[in-house]
Amino acid sequence: MTAPTRRLLALGLAGTAALAALTATAPATAATPTKAPARAHCPQLSKDIPWYGDNRAKLQKMIDERGSCSGRHDGPRPVAAFDWDNTVVKNDISDATLAWMVKHDKVPRPKSWRDTSPWLTAAADRALTRACGPGTPGRPLPTSRNTACADELMEIRGEAKTMSGAPAFAGEWNHRHTVPEYAWVPQLFAGLKPATLTAYAKRARAENLAAPIGTVQTVGTHKLAGYIRYYDQQKDLIRTLKAAGFDVYIVSASSETVAEVWSGGVGVDARHTIGIRNRVRDGRLTTTIAGCGDVKDGPGAVIPYVDGKRCWINQEIYGIKGAEAWRKQDPAHRIALGGGDANTDVTFVNDATGAHLAINRNKDELMCRGYDNADGRWVVNPMFLDPLPRKSGAYPCATKGYTNTDGTLGPVRRPDGTVVADQQDRIHG
């Protein structure tokens, strides 16, 4: 080793270019293999947290390719987006919050039940009025003691029908933009101050995190999950993505106010949390839901749901306005990683350019696309807690795996128009 080279090494300046300049005049020596300079530490997914098969390696490869270890430091930060319920956590925060409010007499009585949603049927209006009584608009309903009222609320939320079996919603809506019973939950919060709803959501969160895994709660006569857990795998994935320079967003079909209470548990702040957004008037939530793209604010004609999630990502993350927000964008204006568990997530998960993470809950279109794996970037994983067993029979991808805008079913198609063949369930609990 020449003296100049020793001096550089002692000073910690052994850069490739500097060494080349100094050793160019050094005496010739036998050629020896050289190693590429070691890269800076690349954030790693924990090897102590189990993933299915080689899914950890697939996700790590995407993180290395798109994140801080990619060698690309110019341009915007890569983006990862996740659904929330049953993707980042086990169970549903909308159900948990509404259930807590019903059990503690915190649901405000609307002036008219028909005011809560334009799609609410006359049968649902009659059932709610009969079960819940006249009450005083704006005052809380006595749902902890009134089982009939609690049951109508939970049945309409969960099954979109009344306790007598009558449809609770009717009319026309784009079935890839919204679903009335999802929008209806935030609309039930109308009249509350945002801070009040935040307080209720925090109480529900504490109760559900403290409850043992497997807890079942009774609301009215309805039985539903009484616990929620953050998935360790998703917490670690989000931690690693952020360490590698990704912007991480939550895009949920739950109330945005409620989702913000939960998202901080994985290090995602309110600015990076997108949900169903009630408009506020005179300091209180209203039944008016924020629009997206070229759909104006209104009764909930568009929420973060199926194609609506793409619209909200394009609008809120990439600043794409108007009708263009509904369209699939060029790769530079699409997320690198999308994660979801249901058909409600399939459009934005499919839009991802680096990896599509699908949590298997036996949902037809999502699993059809996941198993078809058209671009080789799908990462299908069983549910991390209480995974479902193998689905019996095939996913009906070629005939009725896709929900059309009018609610009818049709074949799942690839971007080139070819039909995805029926798929067997291969990755399960």
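Letter 127 of the sequence shown, counting from 1, is numbered 240 in my numbering, and no numbers are missing. Yeah, the Cβ is synthetic: ideal placement off N, Cα and C, and Gly gets one too.
Alpha carbon of residue i to alpha carbon of residue j, nearest angstrom
{"i": "Val492", "j": "Ser505", "result": "21 Å"}
{"i": "Asp538", "j": "Pro444", "result": "30 Å"}
{"i": "Gly453", "j": "Arg503", "result": "19 Å"}
{"i": "Glu320", "j": "Ala263", "result": "19 Å"}
{"i": "Gly483", "j": "Thr531", "result": "16 Å"}
{"i": "Met175", "j": "Thr457", "result": "24 Å"}
{"i": "Trp232", "j": "Glu294", "result": "9 Å"}
{"i": "Pro528", "j": "Asp535", "result": "17 Å"}
{"i": "Asp395", "j": "Gly339", "result": "34 Å"}
{"i": "Asn287", "j": "Asp228", "result": "20 Å"}
{"i": "Asp161", "j": "Lys203", "result": "20 Å"}
{"i": "Asp196", "j": "Ala372", "result": "10 Å"}
{"i": "Leu254", "j": "Lys216", "result": "10 Å"}
{"i": "Glu478", "j": "Val459", "result": "7 Å"}
{"i": "Val374", "j": "Lys315", "result": "6 Å"}
{"i": "Leu322", "j": "Asp410", "result": "34 Å"}
{"i": "Asn463", "j": "Val533", "result": "14 Å"}
{"i": "Ser277", "j": "Gly451", "result": "39 Å"}
{"i": "Pro524", "j": "Asp198", "result": "26 Å"}
{"i": "Asp238", "j": "Trp226", "result": "6 Å"}
{"i": "Pro509", "j": "Leu266", "result": "33 Å"}
{"i": "Ala212", "j": "Lys306", "result": "19 Å"}
{"i": "Ala308", "j": "Gln300", "result": "16 Å"}
{"i": "Thr275", "j": "Val361", "result": "39 Å"}
Assigned secondary structure, residue i (DSSP; H/G/I helix, E/B strand, else coil)
{"i": "Tyr431", "result": "coil"}
{"i": "Ile363", "result": "strand"}
{"i": "Thr325", "result": "The residue asked about is misnamed: residue 325 is Pro in this sequence, not Thr. DSSP places Pro325 in coil when its eight states are reduced to three."}
{"i": "Pro484", "result": "The question names Pro, but residue 484 in the sequence shown is Tyr. Of the three classes helix, strand and coil, the one that applies to Tyr484 here is helix, per DSSP."}
{"i": "Gln330", "result": "strand"}
{"i": "Asp205", "result": "coil"}
{"i": "Asp198", "result": "strand"}
{"i": "Tyr313", "result": "helix"}
{"i": "His541", "result": "coil"}
{"i": "Ala193", "result": "strand"}
{"i": "Pro140", "result": "Because Pro140 carries a pLDDT of 36, less than 50, the predicted location of this residue cannot be relied on, and no value is offered for it."}
{"i": "Ala357", "result": "coil"}
Bridge-paired residues (DSSP) for residue i
{"i": "His469", "result": "Gly451, Trp491"}
{"i": "Pro221", "result": "Pro253"}
{"i": "Ile402", "result": "Asn391, Gly411"}
{"i": "Arg526", "result": "Val532"}
{"i": "Pro280", "result": "Lys274"}
{"i": "Arg185", "result": "The partner list for Arg185 (beta bridge, DSSP) is empty, contrary to what the question assumes."}
{"i": "Arg342", "result": "Lys203"}
{"i": "Thr516", "result": "Leu522"}
{"i": "Arg474", "result": "The partner list for Arg474 (beta bridge, DSSP) is empty, contrary to what the question assumes."}
{"i": "Arg397", "result": "Arg394"}
Span of the beta strand (DSSP E), counted from its first residue to its last, around residue i
{"i": "Gly388", "result": "386-389"}
{"i": "Gln300", "result": "No beta strand (DSSP E) contains Gln300, which is instead part of the alpha helix (DSSP H) from 293-301."}
{"i": "Lys336", "result": "335-338"}
Same chain, Cβ closer than 8 Å to residue i, neighbours up to 5 away in sequence not counted
{"i": "Ala296", "result": "Ser230, Ile389, Ile402, Pro412, Gly413, Ile416"}
{"i": "His541", "result": "Asn473, Pro495, Pro500, Leu501, Pro502, Arg503, Lys504"}
{"i": "Arg526", "result": "Tyr515, Val532, Val533"}
{"i": "Arg342", "result": "Val202, Lys203, Asn204, Leu322, Ile326, Leu498"}
The alpha helix (DSSP H) enclosing residue i, as first and last residue numbers
{"i": "Thr370", "result": "369-376"}
{"i": "Gln173", "result": "168-179"}
{"i": "Leu551", "result": "For the chain, the structure presents residues 114 to 542; residue 551 sits outside this window and is missing."}
{"i": "Asp240", "result": "What sits at residue 240 in the sequence shown is Ala, not Asp. Per DSSP, Ala240 belongs to the alpha helix (DSSP H) from 235-245."}
{"i": "Cys155", "result": "Taken as a continuous stretch (DSSP letters only), Cys155 belongs to no alpha helix (DSSP H), as it is neither H nor E."}
{"i": "Ala511", "result": "510-513"}
{"i": "Val459", "result": "459-464"}
Cutoff 6 Å; reference residue i; Cβ partners in own chain excluding five residues on either side
{"i": "Asp177", "result": "Cys155"}
{"i": "Ala283", "result": "Thr234"}
{"i": "Ser376", "result": "Ile363, Thr386"}
{"i": "Ile71", "result": "With the chain covering 114 to 542 only, the question about residue 71 has no answer from this structure."}
{"i": "Arg252", "result": "Arg222"}
{"i": "Ser207", "result": "Val298, Ser367"}
{"i": "Pro191", "result": "Arg179, Phe359, Ala449"}
Test: residue i CB closer than 8 Å to a CB of chain D
{"i": "His290", "result": "Of the protein chains in this structure there is only one, and it is not chain D."}
Cβ-based neighbour list, residue i, same chain, cut-off 7 Å, excluding 5 preceding and 5 following
{"i": "Phe302", "result": "Leu310, Ser368, Asn391, Leu398"}
{"i": "Ile426", "result": "Ala194, Val364, Ile448, Phe461"}
{"i": "Gly380", "result": "Ile351, Arg352, Lys355"}
{"i": "Tyr418", "result": "His290, Thr291, Val292, Tyr295, Ala366, Thr457"}
{"i": "Gln346", "result": "Ile162, Trp164, Phe497"}
{"i": "Ser159", "result": "Asp349"}
{"i": "Thr331", "result": "none"}
{"i": "Cys405", "result": "Val415, Gly421, Cys424, Trp425, Gln428, Ala438"}
{"i": "Thr142", "result": "Bear in mind that a pLDDT of 36 at Thr142, under 50, signals an unreliable position, so the model cannot answer this."}
{"i": "Arg152", "result": "Confidence at Arg152 is low in this model, with a pLDDT of 48, below 50, so its placement is unreliable and the value that follows should be read with caution. Taken in chain order, the residues that qualify are Cys182."}
{"i": "Lys224", "result": "Pro250"}
Distance cut-off 7 Å: residue i Cβ against heavy atoms of the ligand ZN
{"i": "Thr399", "result": "This structure lacks the ligand ZN, and indeed carries no ligand of any kind."}
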